[in-house]
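Student: Per the numbering used here, the sequence shown runs over residues 1 to 211.
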Amino acid sequence: MTGDQQYWTSRPEVGSRPDQITLLLPDLEVTLETDSGVFSGARIDRGTRFLLMEGAVPTQGATELMDLGCGYGPIACALAVRSPGSRVWAVDVNERALDLCRSNAASAGLDNVVVTTPDDMPDDVAFNAIWSNPPIRVGKAALHDLLSTWLDRLAPEGTAHLVVQRHLGSDSLARWLTGEGWTTQRRASRKGFRLLDVSARQLTDTDKDQP
1 MTGDQQYWTS RPEVGSRPDQ ITLLLPDLEV TLETDSGVFS GARIDRGTRF
51 LLMEGAVPTQ GATELMDLGC GYGPIACALA VRSPGSRVWA VDVNERALDL
101 CRSNAASAGL DNVVVTTPDD MPDDVAFNAI WSNPPIRVGK AALHDLLSTW
151 LDRLAPEGTA HLVVQRHLGS DSLARWLTGE GWTTQRRASR KGFRLLDVSA
201 RQLTDTDKDQ P
């Protein structure tokens, strides 16, 4: 198993091979430290770049943003630059990735990034928006559980912005999300990737009455 294939584990077994790359977008430039054992450590993933180039940008007044599966932090750092008044939660299970994300945010002077594991995420935070290049390769059941957990943390008017490869099931994922109550729309499609905007699930009166 290669280092990149281990990125969804808490402690990658592959040896450390530090590297450095630059996230260059029309509105920002951030130098990022990377390593083996994290997602796309050798370069900015094409899906991530597509999400940052053509996906939604933080809205004015949004206070709680999330990068789900932050890796070494390209999305989290971009959100923090674009929305300095927001708190950006960078969440991952990979301890090596979390250390890199924390260091990269600090090196860029982005003190509005909070790096955490899922277990350490406060229960009372509702997100105005979530951005994610989700770990499709963990398997359908694990992916559905992951998305269900965090999409239900969206604020009532919140939206999640996902990038998914078409050949890895983007269209079936969109159908599943809509079927589970999260209205899902395709924002854009390019070179085998889909950008999906997922609206917060609206609770029925019956749901609200349940403990």
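For each residue, glycine too, the CB sits at the ideal point set by N, CA and C.
Alpha carbons only, please: which of G41, L154, G61, S40 is nearest the one belonging to D124?
Tutor: Here the question's residue 124 lines up with position 124 in the sequence shown. With distances taken between Cα atoms, D124 lies closest to L154.
Student: Report the rounded CA-to-CA distance for D171 versus K140, giving the unit in angstroms.
Tutor: Taking the sequence shown and counting its residues from 1, the one referred to as residue 171 is at position 171. Taking the sequence shown and counting its residues from 1, the one referred to as residue 140 is at position 140. Distance between the alpha carbons of D171 and K140 is about 13 angstroms.
Student: Taking the alpha carbon of I21 as the point to measure from, which residue in E64, D35, D27 has its own alpha carbon closest?
Tutor: For the purposes of this step, residue 21 is identified with residue 21 of the sequence shown, where counting begins at 1. Nearest of E64, D35, D27 to I21, Cα basis: D35.
Student: Tell me which same chain residues have a C-beta within less than 6 angstroms of the C-beta of Q210, skipping the five on either side of it?
Tutor: As a first step, residue 210 must be located in the sequence shown, where it is residue number 210. For Q210, the predicted model reports a pLDDT of 49, less than 50, meaning its position is unreliable; a value from the coordinates is still stated below. The answer is none, since no qualifying residue turns up.
Student: Between T159, S189, G15, which lies nearest to G41 when the distance is taken from Cα to Cα?
Tutor: Counted from its first residue, the sequence shown places residue 41 at position 41. Ranking T159, S189, G15 by Cα distance to G41 puts G15 first.
Student: Nearest CA to the CA of L168: which residue from M66, I136, L143, H161?
Tutor: If you number the sequence shown from 1, residue 168 lands on position 168. Of the listed residues, the one whose Cα sits closest to L168 is I136.
Student: Can you give, in chain order, each stretch of the beta strand (DSSP E) that sits fully within the segment 102 to 171 and has at least 3 residues?
Tutor: 113 to 116, 127 to 132, 154 to 165
Student: DSSP beta-bridge partners for W176?
Tutor: For the purposes of this step, residue 176 is taken as residue 176 along the sequence shown, with counting starting at 1. According to DSSP, W176 bridges with nothing at all.
Student: With distances taken Cα to Cα, identify the nearest neighbour of I130 among L79, P18, D119.
Tutor: Here residue 130 refers to the residue found at position 130 when the sequence shown is read from its first residue. Minimum Cα distance to I130 is reached at L79.
Student: Please check the pair A200 and G158, which I expect to be a contact at CB under 8 angstroms, by giving their CB distance rounded to whole angstroms.
Tutor: For the purposes of this step, residue 200 is identified with residue 200 of the sequence shown, where counting begins at 1. For the purposes of this step, residue 158 is identified with residue 158 of the sequence shown, where counting begins at 1. Rounded, the Cβ-Cβ distance is 5 angstroms, consistent with contact.
Student: Tell me whether the beta-carbon of P18 lies closer than 8 angstroms to the beta-carbon of E29.
Tutor: Here the question's residue 18 lines up with position 18 in the sequence shown. Here the question's residue 29 lines up with position 29 in the sequence shown. Going by C-beta atoms, P18 is not nearer than 8 angstroms to E29.
Student: Quick check on the DSSP output: what are the complete alpha helix (DSSP H) runs of length 4 or more inside the segment 46 to 108, in order along the chain?
Tutor: The alpha helix (DSSP H) runs of length 4 or more contained entirely in the segment 46 to 108 are, from start to end of the chain, 46 to 54, 74 to 82, 95 to 107.
Student: Which word fits E13, buried or exposed, when buried means at least 16 other C-beta atoms lie within 10 angstroms of its C-beta?
Tutor: Translated into the one-based positions of the sequence shown, residue 13 becomes position 13. Counting Cβ neighbours within 10 Å, E13 comes out exposed, since fewer than 16 surround it.
Student: Could you check what DSSP says for F39 in three-state terms: helix, strand or coil?
Tutor: Here residue 39 refers to the residue found at position 39 of the sequence shown. Three-state DSSP puts F39 in coil, outside helix and strand.
Student: Exposed or buried, what is M53 when buried is set at 16 or more other beta-carbons lying within 10 Å of its beta-carbon?
Tutor: Looking up residue 53 in the sequence shown gives position 53. Result: exposed.
Student: Out of curiosity, what's the CA-to-CA distance linking S189 and T63?
Tutor: Position 189 of the sequence shown, counted from the start, is the residue given in the question as residue 189. Position 63 of the sequence shown, counted from the start, is the residue given in the question as residue 63. Their Cα atoms are separated by approximately 28 angstroms.
Student: Which word fits A97, buried or exposed, when buried means at least 16 other C-beta atoms lie within 10 angstroms of its C-beta?
Tutor: Taking the first residue of the sequence shown as position 1, residue 97 is located at position 97. Looking at its Cβ environment, which holds 16 or more other Cβ atoms inside 10 Å, A97 is buried.
Student: Between which two residues does the beta strand (DSSP E) holding T34 run?
Tutor: If you number the sequence shown from 1, residue 34 lands on position 34. Counting along the chain, the beta strand (DSSP E) containing T34 begins and ends at 28 to 34.
Student: Hey, how far is the Cα of A108 from the Cα of T31?
Tutor: The residue labelled residue 108 in the question sits at position 108 within the sequence shown. The residue labelled residue 31 in the question sits at position 31 within the sequence shown. If you take the alpha carbons of A108 and T31, they lie about 8 angstroms apart.
Student: Is DSSP giving A200 helix, strand or coil here?
Tutor: Looking up residue 200 in the sequence shown gives position 200. Judged by DSSP in its simplified three-state form, A200 adopts coil rather than helix or strand.
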